[in-house]
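S.K.: So that we are looking at the same thing, I have put the structure below in structure tokens.
Numbering (this note's numbering), first residue to last: 975 to 1129.
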């Protein structure tokens, strides 16, 4: 692995750690200030790790596809809002028409939300969230693979 590729991997690891700190802080605020019951902590950790990997993969993909910083910023916001809405973050997927409900299953957001619901609301454990975590890791692998294929390293 060359220095450019190694630097990219190091940056992605750092990005995942930043994502995990953000997720941890959100859960801490929920628990400490709002009395949220976290449910199965191992299940939350599994979903959060897979979600962080997926989010970083998507970020790298957007960076690889954009030609300018403005393109990357604009596309990031558009993608985040559209996928959040489609994935059930703004409107629950059970009230969506059947076609949109099916389409939501093609977003990492829907799988992350399902995993968090399983752990926090349904009281399920680590084994029960492995399918959702696995799909999120599949999204991550797909995003990373496509991003690295499209990425243009400057010489």
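Using N, Cα and C, we set each Cβ at its ideal position, and we do this for glycine too.
Given a cut-off of 8 Å, decide if residue 1063 and residue 1091 are closer than it, judged by their beta-carbon atoms.
M.R.: no
S.K.: Could you say which of 1111, 1081, 1020 and 1066 lies nearest to residue 1054 if we only look at CA atoms?
M.R.: 1081
S.K.: Can the beta-carbon of residue 1033 be found closer than 8 Å to that of residue 998?
M.R.: no
S.K.: Please classify residue 1000: is it buried, with 16 or more other beta-carbons within 10 angstroms of its beta-carbon, or exposed?
M.R.: exposed
S.K.: Taking Cβ positions, are residue 1102 and residue 1017 nearer each other than 8 Å?
M.R.: yes
S.K.: Please give the ranges of any beta strand (DSSP E) in the stretch 1013-1099, keeping only runs that are unbroken, at least 3 residues long and fully inside the region.
M.R.: Uninterrupted beta strand (DSSP E) stretches at least 3 residues long and entirely within the stretch 1013-1099 do not occur.
S.K.: Among 1035, 1119, 1061 and 1059, which one has its Cα closest to the Cα of residue 1050?
M.R.: Comparing alpha carbon positions, the residue from 1035, 1119, 1061 and 1059 closest to residue 1050 is 1035.
S.K.: Do residue 1087 and residue 1061 have their C-beta atoms closer together than 8 Å?
M.R.: yes
S.K.: Quick one: what's got a C-beta closer than 7 Å to residue 1012's C-beta in the same chain, skipping five residues either side?
M.R.: 1001, 1005, 1018 and 1094
S.K.: Quick check: what's the CA-CA separation for residue 1044 versus residue 1122?
M.R.: Rounded to whole angstroms, residue 1044 to residue 1122 spans 21 Å at the Cα level.
S.K.: Which value, in whole angstroms, describes the spacing of the CA atoms of residue 1039 and residue 1073?
M.R.: If I take the Cα positions, the gap works out to 28 Å.
S.K.: Leaving out five residues on either side along the sequence, give the residues of the same chain with a beta carbon under 8 Å from the beta carbon of residue 1075.
M.R.: 1067 and 1068
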